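Student:
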């Protein structure tokens, strides 16, 4: 595992989980690229664990779209949830670009806004959940 | 004998054209869009995903529209579609302890780390029709309070720490897969859970209810019910490392059941487990009760003949698509089958009547 692995894992994750419309808005124009593997729709099996911690079992499948591209010397990959071929292609191209000299610019213009948006969505939901948390109070009974 | 085998084509085409028109309903009423179904009929969408065994809210919504709201027909459409997809692999086992919970309740402990979080629940509503929904209008924003970022541990983990419940140690053996190999009995627990996760909600509910009424009783408490988003990580073969590519909504139920013990082991609680795609707590609770009832042998309990204990009965009859396929096929033409039965009955009647006539003549 190279040093860039954790970083790449993070940016690939952000690109895969981005709402496709938002990603298209942030990166409307893609540079020329070769399709090593044209966007392809398929399924992956989702696995759970018995009792949450025990042996593995198959819960059911999920649709995904995968794509591999080459931009200059860099190869980009993507695997995204759902059946949006443009999303997979855009994520793969950006994965390739993130390995090149324009990485800092892409990080600022695309990844940071995606990260902020994802954090805001998660917080908004968590705050609604927190408002439904039960705060028990106990009445004092008896003499002491 | 010649039997008409063609000639239905025109009638079938006309039937399907009419179906399309009936599906649309009154053209004066706006057409229902797939995103509207996905967003506003979310629990129906979740059920179709779970029983269709394919996580894709857009497709489930489309199937509901196409099926005119017949959820079993929609499940059928999703199952048919999923057979066309190439399988790219499996996710890493999902970690439900890492769930971002919308809802998390325990019926066994009042005060517990992470607290009781009600979430968007029907519980505590009065089940009175809300006529305000007849009018279109804005929905007031739900209240918010700052969230506590502390982890929300599994309740069973708390019991496990003290040895009070049967442990579920991790095991990485590859599970059997119903979609690759036909179901063979007896099925191990992993395979049973796969079957139950996509089983008909109504059937699973009724079986679970039967255990509560005494047919394979397991004295279940809902140790924990949680609903929320769980990360999905997939190892990409080109890279050799796993990437978190999505988050899926799941419902998980863990029951704490009657204890067992032996000469070598002090008494401890046992568990039932339910995990279902989407927000579907009735199904998750039902699944965990049925899972627990099916474990009688492994836990050294008696087989009382209860349907919920009989894995051949449960696993062979819980699938919506199998059941509806076999049931509904009997309405399709069986002209030749029936013709042979008809001739047989006629011959038997003729023989019986001839025998009666002979007997009467003899008397």
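Residue numbers (the numbering used here), protein chains in the order written: chain A, 1 to 144; chain B, 1 to 363. Glycine included, C-beta positions come from ideal geometry on N, C-alpha and C. These figures come from a predicted structure and were not determined experimentally.
Mapping the DSSP letters down to three states, classify residue 120(A) as helix, strand or coil.
Tutor: If DSSP states are grouped into helix, strand and coil, residue 120(A) belongs with the helices.
Student: Could you check the C-alpha separation between residue 359(B) and residue 348(B) for me, to the nearest Å?
Tutor: Taking the straight line joining both Cα atoms gives about 16 Å.
Student: Who are the neighbours of residue 17(A) on chain B, taking C-beta pairs under 8 Å?
Tutor: The contacting residues are 244, 245, 246, 247.
Student: Taking CB distances under 7 Å as the criterion, tell me whether residue 81(A) reaches chain B.
Tutor: Yes, residue 81(A) counts as interfacial toward chain B.
Student: Bridge partners for residue 309(B) per DSSP, in chain order?
Tutor: DSSP output for residue 309(B) lists no bridge partner at all.
Student: Let me confirm a value: residue 11(A) is counted as buried when at least 16 other C-beta atoms fall within 10 Å, else exposed. Which label applies?
Tutor: With 16 or more Cβ atoms within 10 Å of its Cβ, residue 11(A) is classed as buried.
Student: Going along chain B in order, which residues have a C-beta closer than 8 Å to the C-beta of residue 62(A)?
Tutor: Near residue 62(A) (Cβ distances below 8 Å), the residues of chain B are 54, 55, 56, 91, 232, 246, 248.
Student: Can you look up residue 126(B) in the DSSP assignment and give me helix, strand or coil?
Tutor: DSSP places residue 126(B) in coil when its eight states are reduced to three.
Student: Ignoring anything shorter than 3 residues, give me the beta strand (DSSP E) runs that lie fully in the region 254-292 of chain B, in order along the chain.
Tutor: Fully enclosed beta strand (DSSP E) runs of 3 or longer: 268-277.
Student: Out of 110(B), 25(B), 109(B), which has the shortest C-alpha to C-alpha gap to residue 69(B)?
Tutor: Checking every option, the nearest Cα to that of residue 69(B) belongs to 25(B).
Student: Can you tell me whether DSSP reads residue 78(A) as helix, strand or coil?
Tutor: Here residue 78(A) sits in strand by DSSP.
Student: If you drop the 5 nearest sequence neighbours on each side, which residues of the same chain put their C-beta closer than 8 Å to that of residue 28(B)?
Tutor: Closer than 8 Å at the Cβ level, and outside the excluded window around residue 28(B), lies no residue.
Student: Within 6 Å: the Cβ of residue 116(A) and any heavy atom of the ligand GTP?
Tutor: The ligand GTP is not part of this structure, which contains no ligands at all.
Student: Would residue 192(B) be called buried (16 or more neighbouring beta carbons within 10 Å of its own) or exposed?
Tutor: That one is buried.
Student: Within 10 angstroms of the Cβ of residue 77(A), are there 16 or more other Cβ atoms? Answer buried if so, exposed if not.
Tutor: Residue 77(A) is buried by the Cβ-count criterion.
Student: Please report whether the beta-carbon of residue 27(B) lies at a distance below 7 Å from any beta-carbon of chain A.
Tutor: Chain A contact via Cβ: absent.
Student: Residue 70(A) lies in the beta strand (DSSP E); which residues open and close that run?
Tutor: Here the beta strand (DSSP E) through residue 70(A) covers 56-71.
Student: Between residue 134(A) and chain B, is there a C-beta pair that is closer than 7 Å?
Tutor: For residue 134(A), the answer is yes, since a Cβ of chain B falls inside 7 Å of its Cβ.
Student: Which complete beta strand (DSSP E) runs does the region 183-239 of chain B hold, if anything under 3 residues is left out?
Tutor: Entirely contained in the region 183-239 of chain B, the beta strand (DSSP E) runs reaching 3 residues are, in chain order, 221-236.
Student: For the alpha helix (DSSP H) containing residue 15(A), name the first residue and the last one.
Tutor: Unbroken alpha helix (DSSP H) run through residue 15(A): 5-17.
Student: Can you pull the DSSP bridge partners for residue 119(B)?
Tutor: Residue 119(B) is not bridged to any residue.
Student: If we call anything under 7 Å between Cβ atoms a contact, is residue 288(B) one with residue 255(B)?
Tutor: For residue 288(B) and residue 255(B), yes; Cβs fall inside 7 Å.
Student: Which residues in the same chain have their Cβ closer than 7 Å to the Cβ of residue 290(B), if we skip the five residues on either side of it in sequence?
Tutor: Taken in chain order, the residues that qualify are 196, 204, 207, 208, 308, 314.
Student: So residue 23(A) and residue 30(A) are in contact, right, with Cβ under 8 Å, and what is the actual spacing, rounded?
Tutor: Not really, about 11 Å apart at Cβ, beyond 8 Å.
Student: If contact means a Cβ-Cβ distance below 8 Å, which residues of the region 100-124 of chain A contact chain B?
Tutor: For the region 100-124 of chain A, which is checked against every Cβ of chain B, the residues closer than 8 Å are 122, 123, 124.
Student: Helix, strand or coil: which one does DSSP assign to residue 91(A)?
Tutor: Correct three-state label for residue 91(A): helix.
Student: With burial defined as no fewer than 16 other Cβ atoms inside 10 Å of the residue's Cβ, what is the status of residue 154(B): buried or exposed?
Tutor: The residue is buried, with at least 16 neighbouring Cβ atoms inside 10 Å.
Student: Would you call the region 66-86 of chain B and the region 50-57 of chain B touching, i.e. three or more CB-CB distances under 8 Å?
Tutor: Yes: the two stretches touch, three or more of their Cβ pairs being nearer than 8 Å.
Student: Give the list of continuous alpha helix (DSSP H) stretches no shorter than 4 residues that lie fully inside the region 126-180 of chain B.
Tutor: 155-161, all fully within the region 126-180 of chain B.
Student: Mind checking if residue 118(B) is an interface residue toward chain A, Cβ cutoff 7 Å exclusive?
Tutor: By this cut-off, residue 118(B) is an interface position.
Student: In this structure, what does DSSP give as the bridge partners for residue 59(B)?
Tutor: For residue 59(B), which the question treats as bridged, DSSP gives no partner whatsoever.
Student: Suppose only complete runs of 4+ residues qualify. What are the alpha helix (DSSP H) ranges in the region 30-111 of chain B, listed by chain order?
Tutor: Counting whole runs of 4 or more residues, the region 30-111 of chain B contains the alpha helix (DSSP H) stretches 34-40, 42-52, 57-66, 71-82.
Student: Does any CB atom of chain A fall closer than 7 Å to the CB of residue 154(B)?
Tutor: True, the Cβ-Cβ gap to chain A drops below 7 Å.
Student: Taking the beta carbon of residue 27(A) as the centre, do at least 16 other beta carbons fall within 10 Å, making it buried, or is it exposed?
Tutor: Classification for residue 27(A): buried.
Student: Applying the criterion that 16 or more other CB atoms from any shown protein chain within 10 Å of the CB defines a buried residue, is residue 131(B) buried or exposed?
Tutor: Per the 10 Å Cβ criterion, exposed.
Student: Output the boundary residues of the alpha helix (DSSP H) element that contains residue 34(A).
Tutor: Unbroken run through residue 34(A) is the beta strand (DSSP E), 34-49; no alpha helix (DSSP H).
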